[in-house]
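A.B. asks: Below are the structure tokens for one structure; questions will follow.
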Amino acid sequence: MKKNKWIPIVNILALLLVVSCSKDEDTSSDTKAVFSYVADGFLVNFTNFSRNADEYLWDFDVDGATSTRRDPAHIFPEKGVYLVSLTATRGQESSTFVDTVRITGPNIKIDGDFSDWEHVDYTFENPEGSGGTLLKVKTFASPNALNFYIEGTSEMNFAVMNFYLDTDNNTDTGHTTWMYPAGSGAEFMGEGNFNPEDPGASSGAIYEYGGPGGSDWTWASVASFADAMQFAEFGTNEGNKAIEFSISRDVLGDMEGVVNFGLTESDSGWTHIGSIPVFQTPESEFAPFEL
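Following this note's numbering from start to finish, the sequence shown increments by one per residue and tops out at 279.
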């Protein structure tokens, strides 16, 4: 029988292929750390794409906060840029990957769902037993709007609401109101009526200060509530009545750093029933809204 001279050659090639594959697998066993992330407000979900590792150590660049989970989530305390590192380890091998995580703040939507405010600290809380119908407030400045979240008593209704904005952060300019004698200076005031049945039909106007002596308004309207404000329906949060609304930044001019504000509400007979911060005391002053 004639021998097939190609069989030994085929066997040798097969052996070389096996050796080659084994070498590639050994090479790919090097530990490599890498991750990606998705930020939703202050909450960041990390996805770990590390190779050939079975232990992980994350450093979130926040007061020693770490995690050993493969794919952790972390709540960052405030807006800013953080250098997050992941060290992936397997046996004696380790690799560290560092990436910049940029936190721009919560994704506030004026829709009556208050969960997007969950990780935002209260800007101001009235002392217990003061402030009437208004209890506490959260604020957040998005690129296009100043956003407010208000908690109050069950009597909060905003039948008549007034808000004052010191947009240049200077109490010596703008309208100085007797309600906040320790510091006001409002460049703008919003006055109107909230419609609980149809928030989009709430009526009112935003006025720009231009009067002499810091104590009067020219009543020059720069925008209507319909044009410049967005309201959601009343809801509840932890037993308190709550509402959120926003004011367009386009109508407020240039603002930097801090805006100061005061908010009051009256009943349908224009009797004051609530304020935040508390008004009409010698210490009453606007609260800061950090941009």
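Yeah, the Cβ is synthetic: ideal placement off N, Cα and C, and Gly gets one too.
Since we're looking at a predicted model, the values are computed, not measured.
Grab the span of the alpha helix (DSSP H) containing Asn102 for me, first residue to last.
C.D. replies: The identity of residue 102 in the sequence shown is Phe, whereas the question assumes Asn. Phe102 -> no alpha helix (DSSP H), and no H or E assigned at all.
A.B. asks: With Val210 and Val239 assumed to form a contact (beta carbons below 8 Å), what rounded beta-carbon distance in angstroms separates them?
C.D. replies: 5 Å
A.B. asks: In angstroms with no decimal places, state the Cα-to-Cα distance between Thr75 and Thr84.
C.D. replies: CA-to-CA, the gap between Thr75 and Thr84 works out to about 4 Å.
A.B. asks: How close, in whole Å, do the beta carbons of Phe219 and Phe182 come, if the pair is a contact with beta carbons under 8 Å?
C.D. replies: 6 Å
A.B. asks: Is Asp99 buried or exposed, if buried means 16 or more other CB atoms sit within 10 Å of its CB?
C.D. replies: By the 10 Å Cβ count, Asp99 comes out exposed.
A.B. asks: For Phe277, report the span of its beta strand (DSSP E) as first-last.
C.D. replies: Ala275 to Glu278
A.B. asks: Do Ile138 and Ile231 have their CB atoms nearer than 7 Å?
C.D. replies: yes
A.B. asks: Could you check if Asp104 is buried or exposed, using at least 16 other CB atoms within 10 Å of its CB as the buried criterion?
C.D. replies: Burial call: buried.
A.B. asks: Secondary structure at Arg78, three-state DSSP: helix, strand or coil?
C.D. replies: strand
A.B. asks: So who's on the other strand from Asn135, going by DSSP bridges?
C.D. replies: According to DSSP, which records beta bridges pairwise, Asn135 is partnered with Phe128 and Ser234.
A.B. asks: Starting from the C-beta of Glu185, find all residues in its chain whose C-beta is less than 6 Å away, skip the five residues before and the five after it, and write them out in chain order.
C.D. replies: none
A.B. asks: Residues in the same chain with beta-carbon distance under 7 Å from Asn(-8), minus the five sequence neighbours each way, listed in chain order, please.
C.D. replies: Here Asn(-8) scores only 48 on pLDDT, less than 50, and its place in the model should not be relied on; the value that follows carries that caveat. Taken in chain order, the list of residues that qualify is empty.
A.B. asks: Would you identify the three-state DSSP class for Phe34, choosing helix, strand or coil?
C.D. replies: Note: Phe34 maps to strand in three-state DSSP.
A.B. asks: For the 8 Å Cβ check, are there 3 or more pairs between the region 186 to 200 and the region 101 to 121?
C.D. replies: no
A.B. asks: On the CB-based measure, 16 or more other CB atoms within 10 Å of its CB, does Asp156 come out buried or exposed?
C.D. replies: buried
A.B. asks: According to DSSP, is Asp215 helix, strand or coil?
C.D. replies: Residue state for Asp215 is assigned as helix, using DSSP reduced to three classes.
A.B. asks: Mapping the DSSP letters down to three states, classify Gly178 as helix, strand or coil.
C.D. replies: strand
A.B. asks: Rounded to whole angstroms, how far is the Cβ of Thr111 from the Cβ of Phe277, which I believe are closer than 8 Å?
C.D. replies: 7 Å
A.B. asks: Counting along the chain, where does the beta strand (DSSP E) carrying His163 start and finish?
C.D. replies: No beta strand (DSSP E) holds His163; DSSP gives it neither H nor E.
A.B. asks: Sorted by chain position, which residues of the same chain lie with C-beta nearer than 6 Å to Glu143's C-beta, five sequence neighbours on each side aside?
C.D. replies: Thr121
A.B. asks: Among Gly227, Asp255 and Val108, which one has its Cα closest to the Cα of Pro65?
C.D. replies: Val108
A.B. asks: Where Glu13 and Ser73 are concerned, what is the direct C-alpha to C-alpha distance, given to the nearest angstrom?
C.D. replies: Because the pLDDT at Glu13 is just 32, under 50, the model does not fix this residue reliably, and the point stays unresolved.
A.B. asks: So, for Val266: in the same chain, excluding its five sequence neighbours on each side, which residues have a beta-carbon less than 8 Å away from its beta-carbon?
C.D. replies: Around Val266, the same chain offers Asn114, Pro115, Ser118, Gly119 and Ser272 as residues with beta carbons nearer than 8 Å, after the five sequence neighbours per side are excluded.
A.B. asks: Just verifying my parser: in three-state terms, what is the DSSP assignment at Val22?
C.D. replies: coil
A.B. asks: With distance defined between alpha-carbon atoms, name the residue in Asn40, Glu226, Ile264 and Asn158 nearest to Thr127.
C.D. replies: Ile264
A.B. asks: Pull up the DSSP beta-bridge partners for Ala220, would you.
C.D. replies: In the DSSP output, where bridge partners are listed per residue, Ala220 has none listed.
A.B. asks: In this structure, how does DSSP classify Glu185 when only helix, strand and coil are distinguished?
C.D. replies: It is coil, neither helix nor strand.
A.B. asks: For Thr165, which residues from the same chain have a beta carbon less than 6 Å from its beta carbon, with the 5 sequence-adjacent residues on both sides left out?
C.D. replies: Ser172
A.B. asks: Suppose the cutoff is 6 Å on Cβ atoms and the five residues either side in sequence are ignored; what does the same chain contact list for Lys20 look like?
C.D. replies: Arg39 and Ser83
A.B. asks: Could you give the C-beta distance for Gly262 and Thr252, rounded to a whole number, given that I count them as a contact under 8 Å?
C.D. replies: 7 Å
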